[in-house]
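Numbering (this note's numbering), first residue to last: 535 to 859.
Don't be surprised by glycine CBs; every beta carbon is placed ideally from N, CA and C.
Report on one structure; see the data block that follows.
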(Lines of atoms letter the chains of each structure in order from A and count residues from 1; the text may use other names and numbers.)
(Lines give C-alpha, C1' and ligand atoms only; values in the text may rest on other atoms or scores of the structure.)
Protein backbone atom coordinates (compact mmCIF):
# COMPACT_ATOMS: atom_id res chain seq x y z
CA UNK A 1 0.00 0.00 0.00
CA UNK A 2 1.23 3.51 -0.78
CA UNK A 3 2.50 5.53 2.15
CA UNK A 4 4.00 8.94 2.86
CA UNK A 5 6.53 7.36 5.22
CA UNK A 6 10.08 6.52 4.36
CA UNK A 7 11.97 3.98 6.52
CA UNK A 8 13.62 6.95 8.24
CA UNK A 9 10.26 8.51 9.12
CA UNK A 10 9.04 5.18 10.49
CA UNK A 11 12.19 4.87 12.59
CA UNK A 12 11.92 8.42 13.94
CA UNK A 13 8.20 8.06 14.68
CA UNK A 14 8.57 4.80 16.59
CA UNK A 15 11.53 6.30 18.45
CA UNK A 16 9.43 9.32 19.46
CA UNK A 17 6.57 7.07 20.64
CA UNK A 18 8.99 5.01 22.76
CA UNK A 19 10.53 8.21 24.16
CA UNK A 20 7.08 9.55 25.10
CA UNK A 21 6.23 6.28 26.83
CA UNK A 22 9.53 6.47 28.72
CA UNK A 23 8.64 10.04 29.72
CA UNK A 24 5.30 8.78 31.04
CA UNK A 25 7.10 6.11 33.06
CA UNK A 26 9.30 8.80 34.59
CA UNK A 27 6.23 10.91 35.37
CA UNK A 28 4.58 7.95 37.13
CA UNK A 29 7.69 6.47 38.80
CA UNK A 30 6.45 7.64 42.18
CA UNK A 31 2.82 6.63 42.70
CA UNK A 32 0.79 9.72 43.52
CA UNK A 33 -2.72 11.10 43.20
CA UNK A 34 -3.01 13.14 40.02
CA UNK A 35 -4.19 16.71 40.53
CA UNK A 36 -6.28 18.49 37.91
CA UNK A 37 -3.50 21.00 37.10
CA UNK A 38 -1.08 18.19 36.27
CA UNK A 39 -3.66 16.29 34.20
CA UNK A 40 -4.66 19.38 32.19
CA UNK A 41 -1.01 20.24 31.44
CA UNK A 42 -0.25 16.74 30.13
CA UNK A 43 -3.53 16.65 28.17
CA UNK A 44 -2.73 19.98 26.52
CA UNK A 45 0.70 18.66 25.52
CA UNK A 46 -0.75 15.47 24.03
CA UNK A 47 -3.34 17.44 22.05
CA UNK A 48 -0.90 20.08 20.80
CA UNK A 49 1.60 17.44 19.62
CA UNK A 50 -0.66 15.62 17.12
CA UNK A 51 -2.19 18.90 15.91
CA UNK A 52 1.29 20.25 15.17
CA UNK A 53 2.28 16.99 13.46
CA UNK A 54 -0.79 17.32 11.25
CA UNK A 55 0.56 20.66 10.00
CA UNK A 56 3.75 18.87 8.95
CA UNK A 57 1.75 16.19 7.09
CA UNK A 58 -0.36 18.88 5.38
CA UNK A 59 2.61 21.01 4.30
CA UNK A 60 4.95 18.17 3.30
CA UNK A 61 2.48 15.77 1.69
CA UNK A 62 -0.49 17.85 0.58
CA UNK A 63 -3.96 18.74 1.77
CA UNK A 64 -5.51 15.36 0.94
CA UNK A 65 -3.09 13.49 3.20
CA UNK A 66 -3.41 16.17 5.86
CA UNK A 67 -7.20 15.85 5.77
CA UNK A 68 -6.95 12.08 6.06
CA UNK A 69 -4.65 12.45 9.07
CA UNK A 70 -6.88 14.90 10.95
CA UNK A 71 -10.06 12.91 10.18
CA UNK A 72 -8.41 9.65 11.27
CA UNK A 73 -7.12 11.27 14.45
CA UNK A 74 -10.60 12.61 15.27
CA UNK A 75 -12.11 9.14 14.84
CA UNK A 76 -9.42 7.49 16.98
CA UNK A 77 -9.66 10.15 19.69
CA UNK A 78 -13.43 9.65 19.86
CA UNK A 79 -13.02 5.89 20.17
CA UNK A 80 -10.36 6.42 22.84
CA UNK A 81 -12.92 8.27 24.98
CA UNK A 82 -14.99 5.09 24.86
CA UNK A 83 -11.87 3.25 26.06
CA UNK A 84 -11.78 5.59 29.03
CA UNK A 85 -15.32 4.62 30.03
CA UNK A 86 -14.31 0.96 30.26
CA UNK A 87 -11.02 1.78 32.00
CA UNK A 88 -12.96 3.85 34.54
CA UNK A 89 -15.29 0.92 35.25
CA UNK A 90 -12.39 -1.53 35.57
CA UNK A 91 -10.46 0.72 37.96
CA UNK A 92 -13.59 1.11 40.07
CA UNK A 93 -14.42 -2.61 39.99
CA UNK A 94 -10.90 -3.52 41.17
CA UNK A 95 -10.90 -0.66 43.72
CA UNK A 96 -7.58 0.63 42.38
CA UNK A 97 -6.08 3.21 44.77
CA UNK A 98 -5.85 6.74 43.35
CA UNK A 99 -2.04 6.67 43.50
CA UNK A 100 -1.87 3.60 41.24
CA UNK A 101 -4.45 4.53 38.60
CA UNK A 102 -2.08 6.27 36.23
CA UNK A 103 0.35 3.35 36.23
CA UNK A 104 -2.48 0.93 35.30
CA UNK A 105 -3.54 3.31 32.52
CA UNK A 106 0.04 3.51 31.25
CA UNK A 107 0.34 -0.28 31.02
CA UNK A 108 -3.01 -0.32 29.21
CA UNK A 109 -1.76 2.24 26.69
CA UNK A 110 1.40 0.22 26.02
CA UNK A 111 -0.67 -2.92 25.47
CA UNK A 112 -3.01 -1.07 23.12
CA UNK A 113 -0.11 0.34 21.09
CA UNK A 114 1.50 -3.08 20.66
CA UNK A 115 -1.78 -4.76 19.71
CA UNK A 116 -2.78 -2.05 17.27
CA UNK A 117 0.67 -2.10 15.70
CA UNK A 118 0.20 -5.81 15.00
CA UNK A 119 -3.35 -5.29 13.68
CA UNK A 120 -2.21 -2.39 11.46
CA UNK A 121 0.59 -4.47 9.91
CA UNK A 122 -1.73 -7.42 9.30
CA UNK A 123 -4.40 -5.12 7.90
CA UNK A 124 -1.96 -3.44 5.52
CA UNK A 125 -0.70 -6.80 4.26
CA UNK A 126 -4.24 -8.09 3.73
CA UNK A 127 -5.58 -4.92 2.07
CA UNK A 128 -2.64 -4.77 -0.33
CA UNK A 129 -3.45 -8.27 -1.63
CA UNK A 130 -7.22 -8.71 -1.32
CA UNK A 131 -9.85 -6.08 -2.13
CA UNK A 132 -12.53 -8.06 -0.31
CA UNK A 133 -10.82 -7.25 3.02
CA UNK A 134 -12.46 -3.80 2.74
CA UNK A 135 -15.80 -5.62 2.73
CA UNK A 136 -14.80 -7.63 5.83
CA UNK A 137 -13.67 -4.50 7.67
CA UNK A 138 -16.89 -2.74 6.71
CA UNK A 139 -18.94 -5.66 7.98
CA UNK A 140 -17.04 -5.70 11.30
CA UNK A 141 -17.75 -1.99 11.85
CA UNK A 142 -21.41 -2.29 10.86
CA UNK A 143 -21.91 -5.18 13.29
CA UNK A 144 -20.04 -3.33 16.03
CA UNK A 145 -22.17 -0.24 15.46
CA UNK A 146 -25.36 -2.31 15.67
CA UNK A 147 -24.16 -3.95 18.90
CA UNK A 148 -23.37 -0.54 20.43
CA UNK A 149 -26.80 0.73 19.42
CA UNK A 150 -28.53 -2.35 20.85
CA UNK A 151 -26.65 -2.09 24.15
CA UNK A 152 -27.39 1.65 24.37
CA UNK A 153 -31.11 1.09 23.82
CA UNK A 154 -31.13 -1.64 26.49
CA UNK A 155 -29.06 0.48 28.87
CA UNK A 156 -26.32 -2.16 28.92
CA UNK A 157 -23.45 -0.17 27.44
CA UNK A 158 -20.13 -0.03 29.33
CA UNK A 159 -21.03 -2.91 31.67
CA UNK A 160 -18.10 -4.71 33.25
CA UNK A 161 -18.44 -7.97 35.18
CA UNK A 162 -14.98 -8.62 36.58
CA UNK A 163 -15.74 -12.07 37.94
CA UNK A 164 -16.85 -13.24 34.47
CA UNK A 165 -13.75 -12.03 32.61
CA UNK A 166 -11.91 -15.03 31.17
CA UNK A 167 -8.46 -13.57 31.76
CA UNK A 168 -9.25 -13.06 35.45
CA UNK A 169 -10.57 -16.61 35.83
CA UNK A 170 -7.49 -18.01 34.06
CA UNK A 171 -5.03 -16.12 36.26
CA UNK A 172 -6.81 -17.12 39.45
CA UNK A 173 -6.72 -20.76 38.36
CA UNK A 174 -2.92 -20.82 38.13
CA UNK A 175 -1.94 -18.57 41.05
CA UNK A 176 -3.53 -17.38 44.29
CA UNK A 177 -4.36 -13.67 44.57
CA UNK A 178 -3.52 -11.50 47.54
CA UNK A 179 -6.19 -9.32 49.12
CA UNK A 180 -4.29 -6.03 49.07
CA UNK A 181 -2.34 -3.89 46.64
CA UNK A 182 1.40 -3.62 47.21
CA UNK A 183 2.23 -0.59 45.10
CA UNK A 184 2.71 -1.32 41.37
CA UNK A 185 3.97 -4.85 42.07
CA UNK A 186 2.48 -7.75 40.13
CA UNK A 187 3.38 -10.45 42.67
CA UNK A 188 4.17 -10.72 46.36
CA UNK A 189 5.37 -13.52 48.64
CA UNK A 190 3.20 -14.16 51.68
CA UNK A 191 3.85 -17.03 54.08
CA UNK A 192 6.27 -18.52 51.59
CA UNK A 193 3.75 -18.53 48.72
CA UNK A 194 4.11 -16.45 45.55
CA UNK A 195 0.82 -14.66 44.90
CA UNK A 196 -0.58 -12.31 42.27
CA UNK A 197 -1.67 -8.87 43.43
CA UNK A 198 -4.93 -7.15 42.45
CA UNK A 199 -2.69 -4.81 40.44
CA UNK A 200 -1.73 -7.74 38.18
CA UNK A 201 -5.39 -8.68 37.68
CA UNK A 202 -6.55 -5.19 36.74
CA UNK A 203 -3.61 -4.76 34.36
CA UNK A 204 -4.45 -8.05 32.64
CA UNK A 205 -8.12 -7.02 32.45
CA UNK A 206 -7.13 -3.76 30.77
CA UNK A 207 -4.98 -5.68 28.28
CA UNK A 208 -7.95 -7.92 27.47
CA UNK A 209 -10.16 -4.93 26.69
CA UNK A 210 -7.35 -3.51 24.52
CA UNK A 211 -7.83 -6.47 22.16
CA UNK A 212 -11.53 -5.68 21.73
CA UNK A 213 -10.88 -2.01 21.06
CA UNK A 214 -8.12 -2.81 18.54
CA UNK A 215 -10.57 -4.90 16.51
CA UNK A 216 -12.82 -1.83 16.17
CA UNK A 217 -10.37 1.05 15.92
CA UNK A 218 -7.97 -0.25 13.25
CA UNK A 219 -10.67 -0.99 10.63
CA UNK A 220 -12.28 2.35 11.50
CA UNK A 221 -9.20 4.40 10.60
CA UNK A 222 -8.52 2.23 7.53
CA UNK A 223 -11.93 3.47 6.43
CA UNK A 224 -10.48 7.00 6.41
CA UNK A 225 -7.00 6.41 4.96
CA UNK A 226 -5.23 3.53 3.27
CA UNK A 227 -1.81 4.71 4.41
CA UNK A 228 -0.51 2.31 7.12
CA UNK A 229 1.74 5.03 8.51
CA UNK A 230 -1.15 7.46 9.03
CA UNK A 231 -3.17 4.63 10.55
CA UNK A 232 -0.39 3.95 13.04
CA UNK A 233 0.41 7.55 13.93
CA UNK A 234 -3.26 8.50 14.47
CA UNK A 235 -3.68 5.49 16.77
CA UNK A 236 -0.48 6.32 18.64
CA UNK A 237 -1.33 9.98 19.19
CA UNK A 238 -4.89 9.13 20.28
CA UNK A 239 -3.62 6.61 22.84
CA UNK A 240 -0.62 8.46 24.25
CA UNK A 241 -2.73 11.14 25.90
CA UNK A 242 -5.21 8.77 27.53
CA UNK A 243 -3.41 8.60 30.88
CA UNK A 244 -3.79 12.33 31.51
CA UNK A 245 -7.14 12.65 29.72
CA UNK A 246 -8.65 10.10 32.10
CA UNK A 247 -8.15 12.39 35.08
CA UNK A 248 -9.42 15.45 33.19
CA UNK A 249 -12.61 13.73 32.05
CA UNK A 250 -13.16 11.40 35.03
CA UNK A 251 -15.96 13.55 36.38
CA UNK A 252 -17.33 14.63 33.00
CA UNK A 253 -17.54 11.21 31.34
CA UNK A 254 -20.83 10.44 33.06
CA UNK A 255 -22.39 13.45 31.31
CA UNK A 256 -21.82 11.91 27.86
CA UNK A 257 -24.93 9.78 28.16
CA UNK A 258 -25.43 9.49 24.39
CA UNK A 259 -21.82 8.63 23.50
CA UNK A 260 -22.69 5.05 22.55
CA UNK A 261 -25.32 6.29 20.10
CA UNK A 262 -22.79 8.63 18.53
CA UNK A 263 -20.12 5.93 18.28
CA UNK A 264 -22.65 3.53 16.77
CA UNK A 265 -23.48 6.11 14.11
CA UNK A 266 -19.80 6.86 13.37
CA UNK A 267 -18.81 3.18 13.12
CA UNK A 268 -21.90 2.46 11.01
CA UNK A 269 -21.04 5.31 8.65
CA UNK A 270 -17.39 4.24 8.27
CA UNK A 271 -18.49 0.62 7.82
CA UNK A 272 -20.84 1.71 5.01
CA UNK A 273 -17.99 3.79 3.52
CA UNK A 274 -15.70 0.73 3.46
CA UNK A 275 -18.38 -1.43 1.82
CA UNK A 276 -18.93 1.32 -0.75
CA UNK A 277 -15.17 1.52 -1.38
CA UNK A 278 -15.04 -2.24 -2.00
CA UNK A 279 -17.95 -1.90 -4.43
CA UNK A 280 -16.13 0.98 -6.17
CA UNK A 281 -13.08 -1.23 -6.69
CA UNK A 282 -15.27 -3.94 -8.25
CA UNK A 283 -17.62 -1.59 -10.14
CA UNK A 284 -15.87 1.75 -10.79
CA UNK A 285 -19.17 3.46 -11.61
CA UNK A 286 -20.13 3.30 -7.91
CA UNK A 287 -18.85 6.48 -6.20
CA UNK A 288 -16.45 6.65 -3.23
CA UNK A 289 -17.15 8.83 -0.19
CA UNK A 290 -14.64 11.74 -0.18
CA UNK A 291 -12.56 12.27 2.96
CA UNK A 292 -13.87 15.83 3.38
CA UNK A 293 -17.46 14.55 3.37
CA UNK A 294 -16.46 11.93 5.96
CA UNK A 295 -15.01 14.64 8.18
CA UNK A 296 -18.20 16.72 8.00
CA UNK A 297 -20.36 13.69 8.83
CA UNK A 298 -18.19 12.65 11.80
CA UNK A 299 -17.99 16.20 13.20
CA UNK A 300 -21.76 16.55 12.78
CA UNK A 301 -22.43 13.30 14.65
CA UNK A 302 -20.10 14.33 17.47
CA UNK A 303 -21.70 17.77 17.74
CA UNK A 304 -25.19 16.26 17.97
CA UNK A 305 -24.02 13.60 20.46
CA UNK A 306 -22.37 16.11 22.81
CA UNK A 307 -25.28 18.57 22.60
CA UNK A 308 -28.00 16.01 23.28
CA UNK A 309 -25.90 14.41 26.05
CA UNK A 310 -25.48 17.73 27.86
CA UNK A 311 -29.18 18.53 27.50
CA UNK A 312 -30.19 15.09 28.82
CA UNK A 313 -27.74 15.34 31.74
CA UNK A 314 -29.00 18.79 32.65
CA UNK A 315 -32.61 17.58 32.64
CA UNK A 316 -31.70 14.59 34.79
CA UNK A 317 -29.98 16.83 37.35
CA UNK A 318 -32.98 19.19 37.38
CA UNK A 319 -35.38 16.31 38.08
CA UNK A 320 -33.10 15.02 40.86
CA UNK A 321 -32.94 18.49 42.42
CA UNK A 322 -36.73 18.85 42.27
CA UNK A 323 -37.19 15.41 43.83
CA UNK A 324 -34.86 16.31 46.72
CA UNK A 325 -36.55 19.67 47.18
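Reduced DSSP secondary structure (H/G/I, E/B, other) of residue i
i, result
"residue 761", "coil"
"residue 721", "strand"
"residue 705", "helix"
"residue 581", "helix"
"residue 685", "helix"
"residue 714", "coil"
"residue 854", "helix"
"residue 570", "helix"
"residue 753", "helix"
"residue 699", "coil"
"residue 784", "coil"
"residue 820", "coil"
"residue 814", "helix"
"residue 791", "coil"
"residue 541", "helix"
"residue 834", "helix"
"residue 564", "coil"
"residue 536", "coil"
"residue 679", "helix"
"residue 802", "helix"
"residue 775", "coil"
For residue i, the residue or residues it bridges with in DSSP
i, result
"residue 740", "Looking at the DSSP assignment, residue 740 forms no beta bridge with any residue, so it has no partner."
"residue 728", "723"
CB contact flag (residue i, residue j, <8 Å)
i, j, result
"residue 742", "residue 804", "no"
"residue 537", "residue 762", "yes"
"residue 711", "residue 729", "yes"
"residue 584", "residue 747", "no"
"residue 820", "residue 609", "no"
"residue 679", "residue 834", "no"
"residue 744", "residue 646", "yes"
"residue 590", "residue 768", "no"
"residue 839", "residue 792", "yes"
"residue 672", "residue 812", "yes"
"residue 642", "residue 621", "yes"
"residue 765", "residue 752", "yes"
"residue 562", "residue 618", "no"
"residue 722", "residue 716", "yes"
"residue 605", "residue 829", "yes"
"residue 798", "residue 686", "yes"
"residue 602", "residue 759", "yes"
"residue 822", "residue 808", "no"
"residue 520", "residue 731", "Residue 520 lies beyond the stretch modelled for the chain, which goes from 535 to 859, so this question has no answer here."
"residue 754", "residue 675", "yes"
"residue 661", "residue 756", "yes"
"residue 913", "residue 773", "Residue coverage of the chain in this structure runs from 535 to 859, which leaves residue 913 outside it and unanswerable."
"residue 852", "residue 790", "no"
"residue 847", "residue 682", "no"
Contact with chain C by residue i, beta-carbon distance below 8 Å
i, result
"residue 610", "Going by chain labels, chain C is absent from the structure shown, which holds only one protein chain."
Is the stretch 772-792 touching the stretch 571-579, taking contact as three or more C-beta pairs under 8 Å? yes
List, from N- to C-terminal side, the alpha helix (DSSP H) runs of 4 residues or more that fit wholly inside the stretch 585-669. With a minimum length of 4 residues, the continuous alpha helix (DSSP H) runs that stay inside the stretch 585-669 are 597-627, 632-663.
Is the stretch 559-569 touching the stretch 629-642 in the sense that three or more CB pairs, one from each, lie closer than 8 Å? The stretch 629-642 makes contact with the stretch 559-569: 3 or more CB pairs, one atom from each, lie closer than 8 Å.
With a threshold of 8 Å, are at least 3 pairs of Cβ atoms found where one atom belongs to the stretch 590-599 and the other to the stretch 661-670? no
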